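Undergrad:
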Amino acid sequence: IGVLDEGKMKLDYSWAEGGGLLGEEAPDSRFFKLGLAKSIHHARVLIRQRHIRVRKQVVNIPSFVVRLDSQKHIDFSLRSPYGGGRPGRVKRKNAKKARV
Numbered sequence: 028i029g030v031l032d033e034g035k036m037k038l039d040y041s042w043a044e045g046g047g048l049l050g051e052e053a054p055d056s057r058f059f060k061l062g063l064a065k066s067i068h069h070a071r072v073l074i075r076q077r078h079i080r081v082r083k084q085v086v087n088i089p090s091f092v093v094r095l096d097s098q099k100h101i102d103f104s105l106r107s108p109y110g111g112g113r114p115g116r117v118k119r120k121n122a123k124k125a126r127v
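Numbering (my numbering), first residue to last: 28 to 127.
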């Protein structure tokens with residue numbers, strides 16, 4: 028395709044060049060780089076708990092390959108408490124206590 032030199036046409040080099048294969052990257056590392064997670068591990072947990080979406084699709088696989096044009100559309104899910112959805116169990120419980 029012309030992305031790598033002729034001497035570096037192995038899969039190892041293509042992963043080493045940009046962190047992903049031909050401009051693709053896993054959402055956990057991208058989410059961490061955006062500053063939306065405290066660490067890679069935190070990003071992986073958020074993905075497994077279905078708090079992250081790519082465009083309109085909720086992602087729950089940390090190794091999901093995201094295309095280069097979709098990387099700018101990684102965000103919190105709309106149903107997630109982090110994305111403006113329903114508050115979590117503890118927050119709802121504390122709000123109920125405060126009303127009574």
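Where is the CB? At the ideal position from N, CA and C, for every residue including glycine.
Values in this document were obtained by computation on a predicted structure and should not be read as measured data.
So the beta strand (DSSP E) VAL86 belongs to, where does it begin and stop?
TA: Locating residue 86 in the sequence shown gives position 59, counting from the first residue. Start and end: 84–86.
Undergrad: Taking the alpha-carbon positions, what's the PRO114 to PRO108 distance?
TA: Residue 114 sits at position 87 when you count from the first residue of the sequence shown. Residue 108 sits at position 81 when you count from the first residue of the sequence shown. The straight-line gap from Cα to Cα measures roughly 5 Å.
Undergrad: Out of GLY111, ARG116, ARG94, state which residue places its alpha-carbon closest to the alpha-carbon of VAL81.
TA: Walking along the sequence shown from the start, residue 81 turns up at place 54. If we check each option's Cα against that of VAL81, ARG94 comes out closest.
Undergrad: Can you give me the C-alpha to C-alpha distance between ASP102 and HIS68, rounded to a whole angstrom?
TA: Looking up residue 102 in the sequence shown gives position 75. Looking up residue 68 in the sequence shown gives position 41. Rounded to whole angstroms, ASP102 to HIS68 spans 17 Å at the Cα level.
Undergrad: According to DSSP, is VAL92 part of a helix, a strand, or is it coil?
TA: Here residue 92 corresponds to residue number 65 of the sequence shown, with the count starting at 1. If DSSP states are grouped into helix, strand and coil, VAL92 belongs with coil.
Undergrad: Could you please give the first and the last residue of the uninterrupted alpha helix (DSSP H) stretch that includes VAL72?
TA: The sequence position of residue 72 within the sequence shown is 45, counting from 1. Here the alpha helix (DSSP H) through VAL72 covers 67–75.
Undergrad: List the DSSP bridge partners of VAL127.
TA: Translated into the one-based positions of the sequence shown, residue 127 becomes position 100. VAL127 is not bridged to any residue.
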